[in-house]
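In mature numbering (1 follows the signal peptide of the UniProt record, and there is no 0), the protein residues as written are -28 to -1, 1 to 530.
We put the beta carbon where it would ideally sit given N, CA and C, even for glycine.
Model, not experiment: these values are computed from the prediction.
Encoded structure:
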């Protein structure tokens, strides 16, 4: 199905003016703000359709994307959220004040059944480097209010940037307490680095002691299934709060489609999925429908343009990567291995076109900080103290030549401050980045910060990071923690400070949050420097992590 202009409106109109829409839509469809509950009910809309909340995303210096999706019954098996098979016009408004009194932009977009009754609005013509608020309306039904923010002008640094990043939210393994705490932080920007949802049916991916919640429906393989699963996650109040708190930059990892997929190859090619490409098309379409993405990411069949660049004035450029859609299949399976294919220069995790795009971006960047928002561990992690190099074949360690070309690329381009942000591994890590990981005395050329999971793996446990064997085997690794949480950063011209936030308890709701450690990256000084480490809490269960346990927690998935 094509997405026509009525579903995606761009406005640069004066305050209070309505966005222009094609005359056929303007004359044929009622004013969404003027409709009554009775007239809506006559067309099948009988209850509040804003059950999935609101979101904003991909900001620039004069606007952002606004998103919502209409669903009267979010968990409906057919994936349509209890909505009738007809379009509904939806009014949207942007305000300059939190109390929603001063309207600065307004317009109408169409929620069409072909796109799951989702709404994507690209708002332009706003002031730079400031907060805005927004909401949607259909007749008497009004959505919650969300907060968005524009980036600084391209020639301005703006003030300090409060940026958080997260990954890996398994609905069944725990409550989304970290999303609630993240919303309370009120950051300027949130990056989600993948595994926004999980594809499994209930009782197939379990944690010790049992899951605390269950997925609805079978394993996601159809458009209806992916839509239903997204709706189940989006209906969570804590996730809705995080979306409403700030604009998001999103990229997927594997579980938005299928565990450890690689381009057109499913997780287990020895167990063929004859419908895998149809499944991929359905997953991509549902992902777009449920995320605050610009029209440049509208999927076309089995393809979707997700890697992109977002500039935050002169302070930061975010290079958002896709390390799934274009990668070669893992060379020796998905786990840890000493794999000859890992060093094959012909193999790539990004694909040639994305790699060229990224390297060109390095050469043209004038940002204070160049930040790679991506999915899987970048630095080398050898889990063997002997001569064998046993590394994760699903991460950049399985694509050594790709990592070398990109690292050398930012060195050659003289990128001022390269920082890699990562998710996937369900634990906090911090690392120095090297051109040659086999020479511990060689120069550090970048920094990596890794966010733990929101809930995947259940509560986890605390430990003394200095005692983790990975840090001994790999001296460029500087921190490890296996609790749940997120990373909150403050980006200034002279430094980037990262607080590793943890929530010790997610298997019961309402857990507290605190900073487990803080690392600082100084301007023009590559590498991470610890400035704070919270002492181990004797009241919490601690665990002495082993190589085997770390590998199990990362790779033991059905």
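Is residue i buried or exposed, if buried means 16 or more other CB atoms sit within 10 Å of its CB?
| i | result |
| --- | --- |
| residue 150 | buried |
| residue 478 | buried |
| residue 363 | buried |
| residue 14 | exposed |
| residue 247 | exposed |
| residue 380 | exposed |
| residue 158 | exposed |
| residue 7 | buried |
| residue 209 | exposed |
| residue 322 | buried |
| residue 354 | buried |
Between residue i and the rest of its own chain, which residues show a CB-CB distance below 6 Å, the 5 nearest in sequence each way excluded?
| i | result |
| --- | --- |
| residue 262 | 202 |
| residue 523 | 308 |
| residue 48 | 54 |
| residue 540 | Not covered by the structure: residue 540. The range shown for the chain is -28 to 530. |
| residue 32 | 123 |
| residue 501 | 492 |
| residue 526 | 397 |
Give me the Cβ distance between residue i and residue j, rounded to the nearest whole Å; I'm assuming they're in contact under 8 Å.
| i | j | result |
| --- | --- | --- |
| residue 550 | residue 509 | Residue coverage of the chain in this structure runs from -28 to 530, which leaves residue 550 outside it and unanswerable. |
| residue 309 | residue 352 | The pair is not a contact, with the Cβ atoms about 14 Å apart (cut-off 8 Å). |
| residue 27 | residue 220 | 6 Å |
| residue 516 | residue 439 | 6 Å |
| residue 80 | residue 67 | With 8 Å as the limit, residue 80 and residue 67 do not qualify as a contact, their Cβ atoms being about 17 Å apart. |
| residue 187 | residue 172 | 7 Å |
| residue 470 | residue 459 | 6 Å |
| residue 82 | residue 61 | 6 Å |
| residue 367 | residue 349 | 4 Å |
| residue 160 | residue 135 | 6 Å |
Do you know offhand how far residue i's Cα is from residue j's?
| i | j | result |
| --- | --- | --- |
| residue 169 | residue 196 | 15 Å |
| residue 404 | residue 448 | 5 Å |
| residue 77 | residue 253 | 34 Å |
| residue 87 | residue 22 | 16 Å |
| residue 480 | residue 430 | 10 Å |
| residue 217 | residue 154 | 8 Å |
| residue 280 | residue 11 | 42 Å |
| residue 452 | residue 475 | 15 Å |
| residue 124 | residue 147 | 35 Å |
| residue 275 | residue 117 | 33 Å |
| residue 490 | residue 504 | 5 Å |
| residue 383 | residue 409 | 15 Å |
| residue 358 | residue 444 | 12 Å |
| residue 193 | residue 482 | 33 Å |
| residue 426 | residue 139 | 6 Å |
| residue 51 | residue 91 | 16 Å |
| residue 40 | residue 415 | 47 Å |
| residue 44 | residue 232 | 33 Å |
| residue 184 | residue 398 | 18 Å |
| residue 214 | residue 360 | 43 Å |
| residue 306 | residue 432 | 23 Å |
| residue 239 | residue 456 | 26 Å |
| residue 243 | residue 101 | 51 Å |
| residue 340 | residue 293 | 19 Å |
| residue 378 | residue 30 | 24 Å |
| residue 436 | residue 507 | 9 Å |
| residue 227 | residue 145 | 14 Å |
| residue 143 | residue 167 | 11 Å |
| residue 204 | residue 46 | 7 Å |
To which residues of the same chain is residue i closer than 7 Å at the C-beta, ignoring the five residues directly before and after it?
| i | result |
| --- | --- |
| residue 5 | 63, 109 |
| residue 387 | 334, 337, 342 |
| residue 304 | 311, 313, 365 |
| residue 288 | 133, 339, 340, 341, 343, 463 |
Please identify the residue among the options whose C-alpha is closest to the C-alpha of residue i.
| i | options | result |
| --- | --- | --- |
| residue 333 | 282, 159, 205, 147 | 282 |
| residue 394 | 49, 137, 80 | 137 |
| residue 222 | 232, 122, 260, 312 | 260 |
| residue 56 | 69, 94, 17, 33 | 17 |
| residue 418 | 426, 425, 407 | 407 |
| residue 94 | 120, 526, 520 | 120 |
| residue 467 | 131, 126, 89, 318 | 131 |
| residue 346 | 42, 446, 225 | 225 |
| residue 465 | 128, 227, 354, 413 | 128 |
| residue 369 | 340, 420, 389, 315 | 315 |
| residue 256 | 267, 273, 241 | 273 |
| residue 103 | 20, 69, 114 | 69 |
| residue 494 | 488, 211, 461 | 461 |
| residue 249 | 229, 498, 181 | 229 |
| residue 400 | 390, 420, 413 | 420 |
Got a sec? Which residues, its chain only, sit under 8 Å from residue i by beta carbon, not counting five neighbours each side?
| i | result |
| --- | --- |
| residue 320 | 298, 299, 300, 327, 371, 373, 374 |
| residue 329 | 279 |
Is the closest heavy atom of the ligand NAP to the C-beta of residue i under 7 Å?
| i | result |
| --- | --- |
| residue 185 | Inclusion of the ligand NAP in the displayed structure is not the case, the ligand content being empty and no account of it being possible. |
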